[in-house]
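Visitor: In the UniProt record's numbering, the protein residues as written are 1 to 190. We put the beta carbon where it would ideally sit given N, CA and C, even for glycine.
Following this line, the structure appears as structure tokens:
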């Protein structure tokens, strides 16, 4: 951080490329190790709430405020309305959340890899206590689209915190992500 004066935060350029520029074989392992460290942080010390009641409320507000653009949905969600997605989320909501300190937008572009080899996580306005699948769903989508199944398997091996992947949870949190915007996270004071 270089300076902070409400409402602006000025950060220094770390001069590191995002993982988008890394070799595909390394991407999954770096993402897995880095997310594991974040998810192992104690949730009691995280002051931000990313649990489903708060996030679903924010998603509903995004719809009401016209912040959700259906043209930006993932290809398998094109043709759905934000309202239809929201209703589906309410009906299929997981009964229990597997709570961790979650990034909330854990994408390849939000992890930098400087020459030191120690990953740097950026863009954290959605960070908070949330179900681990909020991050796993986004990583799964990005790795599957950009690097294929080998990168996802490398991620799971390095992450090591789940015995099996719940496909329905991956889908649920990918669907939820369609209704969230960075603007809504900033607007909520996060």
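Roughly how many angstroms lie between the CA atoms of residue 168 and residue 23, to the nearest whole one?
Guide: 30 Å
Visitor: Measure how close the beta-carbons of residue 192 and residue 93 come, nearest whole angstrom, since I'm counting them as under 8 Å.
Guide: Only positions 1 to 190 of the chain appear in this structure, which leaves residue 192 out of reach.
Visitor: Name the two residues that bound the continuous alpha helix (DSSP H) containing residue 150.
Guide: 149-159
Visitor: Taking the alpha carbon of residue 171 as the point to measure from, which residue in 162, 147, 161, 136 has its own alpha carbon closest?
Guide: Cα-wise, what sits closest to residue 171 is 136.
Visitor: Specify whether the segment 137-145 and the segment 28-37 touch according to this definition: at least 3 beta carbon pairs, one from each stretch, less than 8 Å apart.
Guide: Enough Cβ pairs lie closer than 8 Å, so yes.
Visitor: Indicate the three-state DSSP secondary structure (helix, strand or coil) for residue 130 in the structure shown.
Guide: strand
Visitor: Assign residue 175 to buried or exposed, taking buried as 16 or more other Cβ atoms, counted over all protein chains shown, within 10 Å of its Cβ.
Guide: buried
Visitor: Per the DSSP calculation, residue 102 is bridged to which residue(s)?
Guide: DSSP lists 128 as partners of residue 102.
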